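Using the working numbering, the letters of the sequence shown map in sequence onto residues 5 to 437.
Notes follow the structure.
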Amino acid sequence: MVPAVGQAQARGGVGGRVIDPVGRPLVSAEVSVDRPGTPPAGRATTDADGAWRITDLEPGLYRITVYLPGYRPSRQDVQVEPGRTARLTLVLELVLFTLDSLVVSGPAPSISTTDAELGTKLTVAEISLLPTTLELRQLIALTPGARPDHIWGGASDQANSYSLDGTTVNHPGLGGAFFLPSPSWIETLEVRGLGAGADVGGAQGGLVEVVTLGGRNVLEGVLRTSFESHRLNGSNLIPGEVGRELARRWELDGQVRGPLVRDRLHFALFGHVIRQGELVPSHLSAGTGEFVPQPPSLRDHRWLAKLSWKPSGRDLLQGSLMGRHQDGDRVGQTGYEAADATERLRQWNLTGNLTWQRSWSPRSALTVRLGGYVARERLDPYNGPAVPGIELLTGVNPPRYQNALLQTLGAPSSLGLTAIWTGGAGWPAWRTR
């Protein structure tokens, strides 16, 4: 038997990645494949890893064209062979360009008649466009009507509820969050309020839900550092007034993420180190200068480790462990204390969670999460217990302090189990803990 000459020849394909000059993947780049003088044979758009693929091409010579606003277009010829997929990596270079016009459009806002919940959600793509942000709390202010200390309803920070990767991180005694990651670690930040569910019934203010980045099929890392000094910045602090101001701040923030087993096992490691000091005007009658000679200082270390495993197409296991250690000297300084009347801060905490998710369809899933935290915090006076806090029989108003009023020890901890069922059409979602 002789094969027919007119039988269809095996087809091939072409694929690869689009990256910038430093190797970072470029998302939403438009890729087209054509032959000179003919219409495009295929089009594709790069995904989060910068990957793309076009198949079902007849063998022959093709030209690949890649376009992304803000980058110089790239063109490259490639030979497509029968039964094979050609692989290539295309590098795009930044280029200045001018827009003749910019049209912003979007759907009309809708008002829900079934609930009163308000909120916004920031993603990693939006956060990366912002200037360097020192603290995550500053991102809360990007939600209309919300401030870090007041998220709707007039409630203070103590009444808000904070969760990190699904685990509650509220301080049980003082309120507020005792651990928040660096903004560069965040995948999504959602701020909600005026419609909290029964599972967070203790929150009278807003809900702040933080999800950190995880690993993917690309090995990537970031290292960032910044420095600030009152000698370089303008100051509004003058001698004699009550207040304080940042004197110096140095931070180092880094992360590395990637695959251990492609498409199955991924890791993510984060670290953040902060050193800072403050300026406090001196109000003591026998002061040695305009500012206190031994100002407050703080050393802060934060870290996070995450691991995700996909044992099957329907199951996902994720685990994370987060830690923080703070070491502060002369905290609580107001300018009316002697140096030994301040406190020494020693604080650490660990937060962890383990999550299992089983999916039956894109809209039906069961999520079970075990999470909790443990923390220790000490505020110790520099002078011994025999020295009273307020120096009596003096004519200073307000009175001078020569020792801390209290020695404080806090040891909050929490452990919780949460199950969430998300149903398809006609199936309500439920949650229990």
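The beta carbon of each residue, even a glycine, is placed where N, CA and C say it ideally should be.
Note that the structure is predicted; figures quoted are calculated from it, not measured.
Does residue 291 come out as helix, strand or coil in the three-state DSSP assignment?
At residue 291 the pLDDT is 49, less than 50, meaning the model places this residue with poor confidence and gives no usable figure here.
Run the CB neighbour count on residue 169, radius 10 Å, all protein chains shown included, and call it buried at 16 or more, exposed below.
When all chains shown are included, residue 169 counts as buried.
What residues in its chain sit with their C-beta under 7 Å from that of residue 132, if we drop five residues either side in the sequence?
So no residue of the chain qualifies.
Hey, how far is the Cα of residue 17 from the Cα of residue 70?
Distance between residue 17 and residue 70, taken at the CA atoms: about 16 Å.
Assign residue 285 to buried or exposed, taking buried as 16 or more other Cβ atoms, counted over all protein chains shown, within 10 Å of its Cβ.
Residue 285 is classed as buried because its beta carbon has at least 16 other beta carbons within 10 Å across all chains shown.
Between residue 334 and residue 301, which are expected to be in contact by the criterion C-beta below 8 Å, what is the C-beta distance as a whole number of angstroms?
Contact holds; Cβ gap of about 7 Å.
Going by DSSP in three states, residue 421 sits in which element: helix, strand or coil?
In this structure, residue 421 counts as strand in the three-state DSSP scheme.
Can you give, in chain order, each stretch of the beta strand (DSSP E) that sits fully within the stretch 306–393 and has at least 3 residues?
Listed in chain order, the beta strand (DSSP E) elements of length 3 or more contained wholly in the stretch 306–393 are 319–335, 347–365 and 368–385.
Determine the extent of the beta strand (DSSP E) in which residue 83 is found, giving its start and end residues.
Element bounds for residue 83: 78–84.
To which residues of the same chain is residue 98 closer than 7 Å at the C-beta, ignoring the five residues directly before and after it?
Closer than 7 Å at Cβ, skipping near neighbours: 74 and 75.
Apply the 10 Å Cβ neighbour rule to residue 242 and answer buried if 16 or more other Cβ atoms are within range, or exposed otherwise.
By the 10 Å Cβ count, residue 242 comes out exposed.
Quick check: residue 260 and residue 273, are their CB atoms within less than 8 Å of each other?
A contact, by the Cβ cut-off of 8 Å.
Can you give the Cα-Cα distance for residue 149 and residue 107, rounded to whole angstroms?
Between the alpha carbons of residue 149 and residue 107 lies a gap of roughly 26 Å.
Residues in its own chain within less than 6 Å of residue 22 by CB, not counting five upstream and five downstream?
Taking residue 22 as the centre and dropping the five residues before and after it, the same chain places the C-beta of 30, 33, 50, 54, 70 and 94 closer than 6 Å to its C-beta, in chain order.
When burial is assigned at 16 or more other CB atoms within 10 Å of the CB, is residue 364 buried or exposed?
With fewer than 16 other Cβ atoms within 10 Å, it is exposed.
Using the rule of at least 16 other Cβ atoms within 10 Å of the residue's Cβ for burial, across every protein chain shown, is residue 43 buried or exposed?
Looking at its Cβ environment, which holds fewer than 16 other Cβ atoms inside 10 Å, residue 43 is exposed.
Mark residue 181 as exposed unless 16 or more other C-beta atoms lie within 10 angstroms of its C-beta, in which case mark it buried.
The C-beta of residue 181 has 16 or more other C-beta atoms within 10 Å across all chains shown, which makes the residue buried.
Give a yes or no on whether the minimum CB-CB distance between residue 321 and chain B is below 8 Å.
Annotation note: the requested chain B is absent from the structure, which comprises a single protein chain.
Straight-line CA distance for residue 323 to residue 171?
Cα to Cα, the separation comes out at about 11 Å.
List the endpoints of the continuous beta strand (DSSP E) containing residue 279.
Residues 269–283.
Burial state of residue 230 (16 or more Cβ within 10 Å)
So residue 230 counts as exposed.
Give a yes or no on whether the C-beta atoms belonging to residue 58 and residue 37 are separated by under 8 Å.
Taking 8 Å as the cut-off, the Cβ atoms of residue 58 and residue 37 count as close.
Beta carbon of residue 96, beta carbon of residue 78: below 8 Å?
Yes, Cβ-Cβ distance for residue 96 and residue 78 is below 8 Å.
Which residues bound the beta strand (DSSP E) around residue 90?
In the DSSP assignment, residue 90 falls within the beta strand (DSSP E) that extends over 89–95.
Between the Cα of residue 215 and those of 233, 187 and 296, spot the shortest distance and give me the residue it belongs to.
The shortest C-alpha separation from residue 215 is found at 187.
Beta-bridge partners of residue 58, as assigned by DSSP
18.
Considering only residues of the same chain and omitting the five flanking positions on each side of residue 332, which have a CB-CB separation below 6 Å?
These residues qualify, in order along the chain: 302 and 349.
Terminal residues of the alpha helix (DSSP H) in which residue 128 lies
Residues 128–131.
Beta-carbon contacts of residue 391 that lie in its chain and below 7 Å, excluding the five residues immediately before and after
Excluding sequence positions up to five before and after residue 391, its CB lies within less than 7 Å of the CB of 406 and 407, all in the same chain and listed in chain order.
Could you tell me if residue 142 is buried or exposed, where buried requires 16 or more neighbouring beta carbons within 10 angstroms of its beta carbon?
When all chains shown are included, residue 142 counts as exposed.
Give the range of the alpha helix (DSSP H) segment to which residue 144 is assigned.
That run of the alpha helix (DSSP H) goes 141–144.
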